[in-house]
């Protein structure tokens, strides 16, 4: 069948660097932009809409537009951390459908490794944050926040460290085929649970990598997509949500995916069982387990069992995920993994993933981003994508 | 009362950011009291404390002293860095869940559901003033 799509992903590009000692952040943004536009068969001169997150230096997209020489009539700098770029895809579809722009460029880039940014400290979002005084004295960093989410999920649903480990095992099976991946060794459940404890119950191998680099996406109107060939990927549905601590009525066993997922599936008129491939934000193994439950791939609380026994491994499992190795093994550019989730889903739908992990006849795919923290407040976004003939 | 003395090998507590909306909370902490805020219109307690009720959006919120008792909702012991510490969410008897640290405890014996009570630790005095920080310990 041929599904209607209001806009298409025409170009994708993942920066090959994992430690950008010789490039500036603006340069990285421009490199990924040029790469994605070349992939689409377009140039920077064709761009009339620009979308970026908080990693882009300057006020919204203003400075990067100047650096890249863009002539714009539409811009959106929605910032929800690592999920921003998944949201940007949805917002680009809306803008194109409204006739506000026809070639939308989305970029992400950064170099935390080259800059030696430590991750044990809290991130600085400014002193006017209303929650700041009630959290910063207690030392919340990324790992111990996700640790609390995992601990509660284990308590409430019986999830085990071994089950969480399967997420990393699956990612490592995929990463062995990605020559750019930071961690290419295949690991076992035992390797994960025997790796050093970082913050209970999360071990070192439950945590994603830190990398430099970035990526870009080009979203175009159906009219332009027609001129660019069948590598264009349909955008069939999009949902987004913000979830927070709800005035102190705290439940950190679920994510904003409970809202963004059903909206995206409804817009696409599809259901989880229809997906041939999924890219799931994998800042930590627990992130994947909670997200798969929230998106409806399994019953709430059964995510641990669902991911076990290689169920996420392409070729053997029922739900191949993150076939580039994901954030757990491949890269997590500037601590924001949303864009690479969309990129790998597009590769799968084009049949351009690595042959060892390519899902046969991949027609429908999902990409999901989680930004912020699943143990406090987050922005979540889901997109449903389809092959050109889907 | 002054905040309890830290045990040996306990982390330094950064001073909190104090705003116009939260001055009373921190002033009370310096007197060994844990304050909560509830709405005079809808009667519900919320956390963190605000001038505008996040439940009914009324502007009449008022302070009251909490029992200081609660149970651990979740926790995680940070093993990296110079000094291990336990971050936690504690659900207090007043019905809200707040981020905190668990102190005066065996980090390997903590459990979800464990009963805890408030105590206080002195911040590192950033900004030229000492500030007591509410934390919790097993009862």
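Protein chains in written order, with this note's numbering: chain A, 1 to 390; chain B, 391 to 529.
Cβ atoms here follow ideal geometry from the backbone N, Cα and C, with glycine treated the same way.
Note that this is a predicted model, so its numbers are computed, not measured.
Contact note: residue 406(B) reaches chain A through 133, 136, 137, using a C-beta cutoff of 7 Å and chain order. Using a Cβ-Cβ cut-off of 8 Å, residue 409(B) counts as an interface residue toward chain A, since at least one Cβ of chain A sits closer than that to its own.
Between the alpha carbons of residue 438(B) and residue 271(A) lies a distance of about 38 Å.
Residue 323(A) is classed as buried because its beta carbon has at least 16 other beta carbons within 10 Å across all chains shown. By the neighbour-count criterion, in which 16 or more other beta carbons inside 10 Å mark a residue as buried, residue 415(B) falls on the buried side.
DSSP places residue 168(A) in the uninterrupted alpha helix (DSSP H) bounded by 161-175. Taking a Cβ-Cβ cut-off of 7 Å, residue 399(B) has no neighbours in chain A, whose nearest Cβ is about 15 Å from it. If you ignore the 5 residues before and after residue 60(A), its C-beta comes within less than 6 Å of the C-beta of 77, all in its own chain and listed in chain order. The continuous stretches of beta strand (DSSP E) do not include residue 321(A), and DSSP gives it neither H nor E. A distance below 6 Å between beta-carbons, with the five flanking residues on each side excluded, links residue 328(A) to the following residues of its chain, in chain order: 168, 171, 208, 282. Taking every protein chain shown into account, the CB of residue 234(A) has 16 or more other CB atoms within 10 angstroms, so this residue is buried.
In summary, the residues of the region 461-481 of chain B whose CB is separated from some CB of chain A by less than 8 Å are 463, 464, 465, 466, 467, 468, 469, 470, 471, 475, 477, 478, 479, 481, in the order they occur in the chain. Using a CB distance cut-off of 8 Å, residue 96(A) does not count as an interface residue toward chain B. Residue state for residue 142(A) is assigned as helix, using DSSP reduced to three classes. Three or more beta-carbon pairs drawn from the region 180-199 of chain A and the region 143-150 of chain A are found closer than 8 Å, and the two stretches are therefore classed as touching. A straight-line Cα-Cα distance of about 8 Å links residue 417(B) and residue 521(B). Between the C-alpha atoms of residue 408(B) and residue 133(A) there is a straight-line separation of about 6 Å. Using beta-carbon distances, residue 412(B) counts as an interface residue toward chain A, with a partner under 8 Å. The beta carbon of residue 181(A) sits closer than 6 Å to those of 175, 325, 329, 330, all from its chain and outside the five residues before and after it, given in chain order. When only Cα atoms are considered, residue 138(A) and residue 381(A) end up about 29 Å apart.
Under the DSSP assignment, residue 370(A) falls in the beta strand (DSSP E) whose first and last residues are 364-372. Residues of chain B with a Cβ closer than 7 Å to the Cβ of residue 198(A) are, in chain order, 469, 470.
Runs of the alpha helix (DSSP H) lying entirely within the region 173-204 of chain A, each at least 4 residues long, are 189-193 in chain order. Not a single C-beta of chain B is nearer than 8 Å to the C-beta of residue 241(A). Residue 165(A) is outside the set of residues whose beta carbon lies under 8 Å from a beta carbon in chain B.
Under DSSP, residue 426(B) forms a beta bridge with 454(B).
Per the C-alpha coordinates, the member of 83(A), 5(A), 2(A), 79(A) positioned closest to residue 374(A) is 83(A).
The region 340-351 of chain A makes no contact with the region 183-196 of chain A, as fewer than three CB pairs between them are under 8 Å.
For residue 68(A), the enclosing alpha helix (DSSP H) stretches over residues 62-68. In the displayed model, residue 490(B) falls within a strand according to three-state DSSP. In its chain, beyond the 5 residues on either side, 277, 359, 362, 365 have a beta carbon closer than 6 Å to the beta carbon of residue 348(A).
Three or more beta-carbon pairs drawn from the region 107-116 of chain A and the region 214-232 of chain A are found closer than 8 Å, and the two stretches are therefore classed as touching. The three-state secondary structure of residue 153(A), taken from DSSP, is helix. By alpha-carbon distance to residue 206(A), the top candidate from 164(A), 226(A), 184(A) is 164(A). The Cβ atoms of residue 31(A) and residue 340(A) lie no closer than 8 Å to each other.
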